[in-house]
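In the numbering used here, the protein residues as written are 758 to 1061.
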């Protein structure tokens, strides 16, 4: 049984892409444009920047993965043709790195060691989030924006979660409802040019305080999903005008080096004692997370 589990766990991402439904491309990136408009104009925008190397370091420290796992994954990739790697979304620099890997090498050092041809190429994720609201304290829009500096070395299929807790002037929770939630993925060529392709993300908004999206970053005609963005509008469930503060929680989960077919790729969540936490399933690890309390000032503006 252990041997079977190990074999299943070693199946590569390219197989997983065959079992994940691929949505059709969208006509435009309206969700991205709306989020960018809010975050660019707002003075309360928060920003998190983290690299794939930092995430891999954390996984190694925690024992979630081992260097043997990394060696096996890079060995598998190195056996693929350049055309196949390009179809999965890897750029020329990354393909050169993968194809130059020798089975006797340490994969981690080959990719991330200072002085390696990829040490300066480690993919970084920038996660921005912020609010836009009406001065009636009834409705707010939460904008979220995630952007890769380049396609990740190891994997593509990711998840993100956004949660919020509103409170009145007495710090009592104000129950909210989700009016709408949209997001989309913007695709780029492996050379770094905007491919003009978008996919809508089906947002899970079944909970009053949570939305979760699972963007497909691969299977894009040789391009990859570089930019993920969207907006969620929430309002008071009772139609009251008493939101004074909004505590927002965000998490981005990056798929680890292997993924098993049929496993649900998404986040779970828990709300307890005024805190919302997101947890990845077995195939993913948290890459970025943050939280911030936004409030209305005397002029009716939302400030950080």
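For glycine and all other residues, C-beta sits at the position ideal for the given N, C-alpha and C.
Where residue i falls, given that 16 or more other Cβ within 10 Å makes a residue buried
| i | result |
| --- | --- |
| residue 966 | buried |
| residue 859 | exposed |
| residue 819 | exposed |
| residue 861 | exposed |
| residue 993 | buried |
| residue 800 | exposed |
| residue 1029 | exposed |
| residue 813 | buried |
Alpha carbon of residue i to alpha carbon of residue j, nearest angstrom
| i | j | result |
| --- | --- | --- |
| residue 1051 | residue 1005 | 8 Å |
| residue 1045 | residue 815 | 12 Å |
| residue 857 | residue 989 | 44 Å |
| residue 983 | residue 883 | 11 Å |
| residue 839 | residue 946 | 15 Å |
| residue 991 | residue 890 | 10 Å |
| residue 809 | residue 998 | 42 Å |
| residue 1048 | residue 900 | 14 Å |
| residue 811 | residue 995 | 43 Å |
| residue 804 | residue 1042 | 20 Å |
| residue 922 | residue 837 | 47 Å |
| residue 909 | residue 793 | 23 Å |
| residue 1053 | residue 1059 | 4 Å |
Where the alpha helix (DSSP H) through residue i begins and ends
| i | result |
| --- | --- |
| residue 865 | 864–869 |
| residue 826 | 824–835 |
| residue 812 | 809–819 |
| residue 845 | 839–845 |
| residue 854 | 849–856 |
Endpoints, beta strand (DSSP E) assigned at residue i
| i | result |
| --- | --- |
| residue 1062 | Residue 1062 is absent from the model: the chain starts at 758 and stops at 1061. |
| residue 947 | Unbroken run through residue 947: none, as it is neither H nor E. |
| residue 986 | 981–993 |
| residue 1076 | With the chain running from 758 to 1061 in the structure shown, residue 1076 is simply not present. |
| residue 916 | 916–924 |
| residue 802 | First-last for residue 802: undefined, no H or E at that position. |
| residue 881 | 881–890 |
| residue 956 | 951–957 |
Residues near residue i in its chain [Cβ-Cβ closer than 7 Å; skip 5 each side]
| i | result |
| --- | --- |
| residue 924 | 930, 931, 1001, 1002 |
| residue 893 | 998 |
Cutoff 6 Å; reference residue i; Cβ partners in own chain excluding five residues on either side
| i | result |
| --- | --- |
| residue 791 | 988 |
| residue 1079 | Here the chain covers residues 758 to 1061 and nothing more, so residue 1079 does not appear. |
| residue 920 | 966, 967, 1006, 1033 |
| residue 917 | 970, 1009 |
| residue 1035 | 918, 1008, 1024, 1026 |
| residue 795 | 889, 900 |
| residue 842 | 852 |
Any non-hydrogen atom of the ligand COA closer than 7 Å to residue i Cβ
| i | result |
| --- | --- |
| residue 863 | In terms of ligand content, the structure shown is empty, and the ligand COA therefore cannot be addressed. |
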